[in-house]
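Colleague: Count along the sequence shown from 1, then add 356; that gives the number in our numbering.
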Amino acid sequence: MDTHANKSKYLMQRLPQFLLFVGHNYQRCNLPLIAASLTFTTLLALVPFFTITVIVVNAFPMFADMATRFNQFLTHIIVPAAGADSVSDYLYAFRDKASGLTAVGISFMIITSLMLIQTIEQAFNQIWQARDQRPLWIRILIYWALLTLGPVALGMSLSVIGLLSNPANMASQIPFYSTLFGIITNLALFTLLLFLLYKLVPFCFVQWQHALLGAVVTAVALDLLRRGFAIFVIYFGNYQKVYGAFAAIPVFLIWLNLLWLLLLTGAVFTSSLRYWHQEKFRYLHQYQPFENVLNLLYQLVQAQQHGGAVKFDQLQQQLSISDKHLDQILTRLQQQHYIAYSSNGWLLQTDPNKIILADLYKLFIYQPNSNSAVSSSIHSLLQPCLQQLDISLYQWVKQLPPQVSE
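#1: Report the three-state DSSP secondary structure of GLY622 (helix, strand or coil).
#2: Among ILE711, ILE695, LYS710, whose alpha-carbon lies nearest the alpha-carbon of LEU704?
#3: Please list, in chain order, all residues of the same chain as ALA524 whose beta carbon is under 7 Å from its beta carbon, the five residues on each side excluded.
#4: Tell me whether ALA391 sits in a helix, a strand or coil according to DSSP, three-state version.
#5: Using DSSP's beta-bridge definition, name the partner residues of SER698.
#6: Run through DSSP, which three-state label would VAL572 get?
#7: Under a Cβ-count criterion, where at least 16 other Cβ atoms within 10 Å of its own Cβ denotes burial, should MET526 be classed as buried or exposed?
#8: Counting pairs of beta carbons, one from the stretch 661-679 and one from the stretch 712-719, are three or more of them closer than 8 Å?
#9: Just how far apart, CA to CA, sit SER748 and VAL730?
#10: ASN648: which of GLN563, GLN478, ILE476, LEU682 sits nearest, CA to CA?
#11: Along the alpha helix (DSSP H) that carries HIS662, what are the first and last residues, could you check?
#12: What residue range does the alpha helix (DSSP H) around GLY742 cover?
#13: Compare the Cα-Cα distances from ALA479 to each of ARG487, PRO558, HIS662 and report the closest residue.
#14: Use the C-beta contact count for ASP746: other C-beta atoms within 10 angstroms, 16 or more gives buried, fewer gives exposed.
#15: Report all residues from its chain with a CB closer than 7 Å to the CB of TYR654; omit the five preceding and five following residues, and keep chain order.
#16: Tell me whether the stretch 607-620 and the stretch 374-381 touch, counting them as touching only if at least three CB pairs, one residue from each stretch, are closer than 8 Å.
#17: Going by DSSP, what residue range makes up the alpha helix (DSSP H) through TRP752?
#18: Judging by CA-CA distance, which residue of ILE494, TRP484, PRO404 is the nearest neighbour of SER463?
#19: For ALA575 versus THR547, is the C-beta distance shorter than 9 Å?
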């Protein structure tokens, strides 16, 4: 009993500080600006995205019911609020005219849809501080698969759910059970979509546990936001009085912006979970390059003794350091030929007996670059320290206490 109480108390102590860390990342990423950009891109790509679905259905008529369910589900997410029904009517009207498009028009629709997916990927890579982006040909294949197979796959899931909730089942015979089933179904679908989004879109390693937790939290928040926004529009919205027949437009824009802001906030929360382990979120602002360099090299020495290498995500888990700083350290050590990258991960390229700690200190902390009096004075002051550091990496590892070096 005491153990559970202590764990709960410990969790409640860590959680506020972690949420502050998430808030710091929120500000760093400037999410409102990204959400506004995605809102504008969504306005441009929404009709083309629906149109591409129609084109796929026309090519494969057997998927017509699945694609229809997908469109209904997507419209349910994008246009959930009362008073915005006319927006969905316009979307379907534009979509139904897709059969009259020429090859040039279809090409434009495809390019516009790809722009939306690319913007989402760029935003997620920025949030996760991904070091690189996927090769162009891989991105094109992924984007095309999302445009064509994504609606069909989700439509199949919705068709199965539709069969489970048909009038012959208990879910429709008991009102309370039917409502509960609908809520659980929506949350499950939202969670699945968000899990795939947070796990697969960033071009970096994302632990599935983090992606799942972030997806669950965001799915619950999304459902609450949908319900709350609908209540706001019904009881507190005065857009009908001000805009008249055009009232659906500001409502739709506000909802799209809130939707993207929530999805991006969920992405920031998910990306921050990697720093929950060992309370790394407490120390990220205390950047200690020399300690981090030695810790990294120590991990590589340990791996070398077992004949292996260390992957980037493993270094992430071991070091209390941001991905950006970790990448900077790896790059500089690689440039000096201390380490190398293989298909199995990072490994030592130089013999640990030939890696001198004093050289690492000069490389990462301070190296006199002039003959001025100030530079000479600093160099003289550092001489005792450099003499103490005039040992090899191998000697330093041997001096570590057993509980550390094991």
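Every residue gets a Cβ at the ideal spot worked out from N, C-alpha and C, and that includes glycine.
As the structure is a computational prediction, the values presented were derived from the model and not from experiment.
Modeller: Inspection of the coordinates gives the following:
#1: By 1-based counting over the sequence shown, the position of residue 622 is 266. In this structure, GLY622 counts as helix in the three-state DSSP scheme.
#2: Counting from 1 along the sequence shown, the entry for residue 704 is found at position 348. Nearest C-alpha to LEU704: ILE695.
#3: Stepping through the sequence shown from its first residue, residue 524 is reached at position 168. Caution applies to ALA524, whose pLDDT of 47 falls short of 50 and renders its modelled position unreliable; the value that the coordinates give is listed next. Residues of the same chain with their beta carbon placed closer than 7 Å to that of ALA524 are lacking, with the five preceding and five following residues left out of the count.
#4: Taking the sequence shown and counting its residues from 1, the one referred to as residue 391 is at position 35. ALA391 falls in the helix class under three-state DSSP.
#5: For this step, residue 698 is matched to residue 342 along the sequence shown. Paired residue(s): GLY701.
#6: Here residue 572 refers to the residue found at position 216 when the sequence shown is read from its first residue. In the structure shown, VAL572 sits in a helix (DSSP, three-state: H, G or I).
#7: Reading the sequence shown from its first residue, position 170 is the one you call residue 526. A caution first: MET526 carries a pLDDT of 47, below 50, which makes its placement in the model unreliable, though a value can still be read off. So MET526 counts as exposed.
#8: Note that the stretch 661-679 does not touch the stretch 712-719; fewer than 3 beta-carbon pairs, one per stretch, sit closer than 8 Å.
#9: Here residue 748 refers to the residue found at position 392 of the sequence shown. Here residue 730 refers to the residue found at position 374 of the sequence shown. Each residue's Cα considered, the two are about 29 Å apart.
#10: Counted from its first residue, the sequence shown places residue 648 at position 292. Taking only the C-alpha atoms, the option nearest ASN648 is LEU682.
#11: Position 306 of the sequence shown, counting from 1, holds the residue named residue 662. Here HIS662 belongs to no alpha helix (DSSP H), and DSSP marks it neither H nor E.
#12: The residue labelled residue 742 in the question sits at position 386 within the sequence shown. It is Leu, not Gly, that sits at residue 742 in the sequence shown. That run of the alpha helix (DSSP H) goes 729-744.
#13: Translated into positions along the sequence shown, residue 479 becomes position 123. Comparing C-alpha distances from ALA479 to each of ARG487, PRO558, HIS662 shows the shortest one belongs to PRO558.
#14: Within the sequence shown, the letter at position 390 stands for residue 746. That one is exposed.
#15: In the sequence shown, counting from the first residue as 1, residue 654 sits at position 298. Only VAL753 meet the Cβ criterion.
#16: Taking 8 Å as the limit for Cβ pairs, the verdict is that the stretch 374-381 does not touch the stretch 607-620.
#17: Taking the sequence shown and counting its residues from 1, the one referred to as residue 752 is at position 396. It spans 749-755 - the alpha helix (DSSP H) in which TRP752 sits, taken as one unbroken run.
#18: Indexing the sequence shown from 1 puts residue 463 at position 107. The option with the nearest alpha carbon to SER463 is PRO404.
#19: As a first step, residue 575 is located in the sequence shown; it is residue number 219 there, counting from the start. As a first step, residue 547 is located in the sequence shown; it is residue number 191 there, counting from the start. The answer is yes: Cβ separation under 9 Å.
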